[in-house]
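Trainee:
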Amino acid sequence: MILRRETYRPLLWLSAALTVHLLLTVIVPDLRVAVTSASVRLALEVVMVSVMAGAAILMALLERSGLPTGRDAFVAALVVQCLATTAFGIVPSLLDHPPDLIGSYYPWLVGRYIAGLLLTAAALRARPGRVAPAVLVAVVSVLVVEVAISLSDPFVPLQVASDGSVTPQPLHYLLEIVPAGLFAWGALAASDHAATTGDPLDRWFSLALVVAAFAQVHDALFPAALGPVVTSTDVLSVGLSGLLLVGVGLQVRNLLQQRDRAVGLLREDLRSSARVLKEVRAAREREAAFVSVITHELTSPVAAINAQAHVLDAMAPSALRDPVVAVRDEAARLAVLVRRMEELRRIDDEEFSVQQRPVAIVPLLDEAASFARSMPEALHATVDASPARVLADPVRLGQVLRNVVANAARHAPAGSSLQISGRRDDRRYVIVVADAGPGLAGIDPEQLFQPWVRGADATTSEGTGLGLYLSRRIMTAHDGSITFEDPDEPGARVRIELVVQ
1 MILRRETYRP LLWLSAALTV HLLLTVIVPD LRVAVTSASV RLALEVVMVS
51 VMAGAAILMA LLERSGLPTG RDAFVAALVV QCLATTAFGI VPSLLDHPPD
101 LIGSYYPWLV GRYIAGLLLT AAALRARPGR VAPAVLVAVV SVLVVEVAIS
151 LSDPFVPLQV ASDGSVTPQP LHYLLEIVPA GLFAWGALAA SDHAATTGDP
201 LDRWFSLALV VAAFAQVHDA LFPAALGPVV TSTDVLSVGL SGLLLVGVGL
251 QVRNLLQQRD RAVGLLREDL RSSARVLKEV RAAREREAAF VSVITHELTS
301 PVAAINAQAH VLDAMAPSAL RDPVVAVRDE AARLAVLVRR MEELRRIDDE
351 EFSVQQRPVA IVPLLDEAAS FARSMPEALH ATVDASPARV LADPVRLGQV
401 LRNVVANAAR HAPAGSSLQI SGRRDDRRYV IVVADAGPGL AGIDPEQLFQ
451 PWVRGADATT SEGTGLGLYL SRRIMTAHDG SITFEDPDEP GARVRIELVV
501 Q
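With full-length UniProt numbering, the residue at position 390 of the sequence shown is 390, and numbering never jumps.
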């Protein structure tokens with residue numbers, strides 16, 4: 001345990017004050033508290049147990065709410081104290097059976113020893129590990145002692161007067177003083193723990209343990225042994241409860257303040273996110289407006305250049321034919337670029353909110369095959385699919401299938417085969433579209449799902465490089481996926497997965 005002078009200063013001042021009080025009580029008999037009242041004694045014990053139970057619960061919640069900090073021993077010590085006082089003091093009084101001073105005193109004292117040893121374990125950093133095992137061992141120990149004492153006479157009899165006061169024997173002084181030392185050692189551990197965590201409950205718990213140590217000394221000098229006499233020990237126990245209550249209140253206030261700060265930070269983060277989102281949306285709108293203006297302004301000049309290039313191509317002499325063809329081809333490429341920009345703007349502006357419903361999948365695959373056969377490339381499309389109903393937007397899913405089929409037609413030889421298969425795989429339905437094209441050897445398949453990216457034969461095939469990008473966005477909105485299978489194999493195999501109804 002690391003000693004911190006500023007941490008222990010409150011403990012030293014409190015110990016000095018309690019030492020003066022103890023000396024005055026010993027020197028001046030009139031300062032001693034001795035009131036015979038079983039009801040008052042019972043009320044004080046109920047208050048003390050309630051406060052200790054509340055402190056134990058709060059400590060346990062703090063221990064479980066974040067990183068373990070070693071409060072388990074403190075929680076177990078409080079629980080043992082609560083159980084011992086309840087079992088041997090409160091319950092017999094509530095049942096109108098006054099506590100057996102001889103039969104209850106020693107088990108109650110054993111509870112003090114166990115609690116003190118738990119606190120000592122915390123002081124030595126020998127943490128029990130968990131609250132439940134420590135409490136279980138403590139309860140079993142108390143029960144064993146209770147059974148042992150019930151079967152035999154106490155080894156040191158207590159001298160009980162008719163008014164309920166108890167005259168201790170010399171051995172009782174020793175038995176009572178040992179827990180006081182253990183509580184004092186536990187107070188140092190709790191103070192050191194408070195310096196580590198900064199939690200007010202730990203700080204006030206350390207002060208309460210100092211009071212508990214002096215209360216134990218008072219009980220050794222002026223014992224009551226769970227009898228009806230209210231002594232200075234009970235007065236100090238009230239002070240102990242008050243310190244714990246203050247610690248619980250400050251800890252709850254601290255937790256509420258932390259919650260308020262966390263909520264404030266969350267609100268600020270939400271406001272910041274809203275501002276960033278608004279700025280991003282505004283930037284996208286400006287970008288879309290800019291692209292729209294550019295494409296609109298370029299469409300007519302590019303079309304005019306292209307038209308004039310075709311006229312010149314027909315009229316130009318052979319010496320000028322090559323430059324004219326170059327102008328015509330570049331104008332055509334510029335027209336394609338303008339068209340791609342406009343298509344991408346429409347895609348990014350569009351909200352892909354699909355209207356999913358149960359749909360029979362086989363008719364959609366048959367439509368895709370018919371579309372492939374009707375294209376100029378006249379692909380030989382076949383369908384081999386098991387019937388199933390999937391959750392999909394039929395219009396959007398049909399758009400994906402047509403994009404995949406059109407992509408295959410652009411890259412595969414005219415009249416080549418196109419196989420469309422579909423099978424159910426647990427809760428998913430898997431569609432595979434396989435063509436006889438050049439395949440994807442040497443190409444990163446994921447790059448093909450990015451806008452503007454086209455295959456290796458992009459210079460010889462039509463297309464904007466947006467079909468697969470659009471298809472992935474649609475499948476993501478369906479909670480599905482679209483990928484390429486076996487990119488190193490001949491031909492391209494597009495895999496589409498959907499959720500089965």
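In this text, a Cβ means the ideal position worked out from N, Cα and C, and glycines have one as well.
Bear in mind the structure is a predicted one, so any value in this text is a computation, not a measurement.
1) On the three-state DSSP scale, how would you describe F222?
2) Can you have a look at S237 and say buried or exposed, based on whether 16 or more other CB atoms are within 10 angstroms of its CB?
3) Going by alpha carbons, who is nearest to Q251 out of R493, P438, R203?
4) Cutting at 6 angstroms between CB atoms, please list the residues of its own chain near V75, excluding the five before and the five after it.
5) Kindly indicate which three-state DSSP category P376 falls into: helix, strand or coil?
6) Opposite I482 in the DSSP bridges: which residues?
7) Counting beta carbon pairs with one atom in the segment 411-430 and one in the segment 369-383, are three or more of them shorter than 8 angstroms?
8) By the three-class DSSP mapping on this structure, what secondary structure does Q419 have?
9) Label L209 either buried or exposed according to how many other C-beta atoms from any shown protein chain fall within 10 Å of its C-beta, with 16 as the threshold for buried.
10) Does the separation of the CB atoms of E176 and Q216 fall below 8 angstroms?
11) Which residues in the same chain have their Cβ closer than 7 angstroms to the Cβ of T295, if we skip the five residues on either side of it in sequence?
12) By a C-beta neighbour count over all protein chains shown, 10 Å radius and 16 as the cutoff for buried, is A282 buried or exposed?
13) With a threshold of 16 other CB atoms inside 10 Å of the CB of S191, please say whether the residue is buried or exposed.
14) Apart from the five residues just before and just after T483, which ones in its own chain have a Cβ nearer than 6 angstroms to its Cβ?
15) How would you write the range of the alpha helix (DSSP H) that A60 sits in, first residue to last?
16) Measuring alpha carbon to alpha carbon, tell me which residue in P413, A412, V433 is nearest G422.
17) Could you have a look at A434 and say whether DSSP puts it in helix, strand or coil?
18) Are the C-beta atoms of A477 and some chain B residue less than 8 angstroms apart?
19) Using three-state DSSP, classify D393 as helix, strand or coil.
20) Taking the CB atoms as reference points, tell me whether L78 and S206 lie closer together than 8 angstroms.
21) Between which residues of its own chain and E485 is the CB-CB distance below 7 angstroms, once the five residues before and five after are set aside?
22) Are H411 and D444 close, meaning C-beta to C-beta below 8 angstroms?
23) Look up Y8 in the DSSP assignment and say whether it is helix, strand or coil.
24) What span of residues does the alpha helix (DSSP H) with P358 cover, start to end?
25) For V500 versus R427, is the C-beta spacing smaller than 8 angstroms?
26) Helix or strand or just coil, what does DSSP make of R32?
27) Provide the residue span of the alpha helix (DSSP H) that contains V235, from first to last.
28) Where do the ends of the alpha helix (DSSP H) carrying T85 lie?
29) Going along the chain, which residues of its own chain have a beta-carbon closer than 6 angstroms to the beta-carbon of R271, five neighbours each way excluded?
30) Spatial neighbours of L31 within its chain, please: CB distance less than 7 angstroms, with the 5 preceding and 5 following residues excluded, ordered by chain position.
31) By the three-class DSSP mapping on this structure, what secondary structure does D384 have?
32) Can you tell me whether DSSP reads V229 as helix, strand or coil?
33) Relative to the alpha-carbon of D313, which residue among V327, P301, A34 has its alpha-carbon at the smallest distance?
34) On the CB-based measure, 16 or more other CB atoms within 10 Å of its CB, does Q447 come out buried or exposed?
35) How many Å lie between T459 and L265 at the Cα?
36) For L18 and W185, what's the separation of their Cα atoms in angstroms?
Mentor: The relevant details are as follows:
1) coil
2) buried
3) R203
4) A56, M59, A60, V131
5) When DSSP states are grouped into helix, strand and coil, P376 belongs to the coil group.
6) I496
7) yes
8) strand
9) Its Cβ being crowded by 16 or more others within 10 Å, L209 is buried.
10) Yes, the pair counts as a contact, with Cβ atoms nearer than the cut-off.
11) V338, M341, E342
12) exposed
13) buried
14) R495
15) 38-65
16) V433
17) strand
18) This model lacks chain B altogether, as it is built from one protein chain only.
19) In the structure shown, D393 sits in coil (DSSP, three-state: anything other than H, G, I, E or B).
20) No; because the gap between Cβ atoms is not below 8 angstroms, this pair is not in contact.
21) So the qualifying residues of the chain are V432, R493, R495.
22) no
23) When secondary structure is reduced to three states using DSSP, Y8 falls in the helix class.
24) From DSSP, P358 is part of no alpha helix (DSSP H) but of the beta strand (DSSP E) over 357-360.
25) yes
26) coil
27) 232-315
28) 72-85
29) none
30) L24, T25
31) strand
32) strand
33) V327
34) exposed
35) Its pLDDT being 42, under 50, T459 is placed unreliably in this model, and the coordinates cannot settle the point.
36) 16 angstroms
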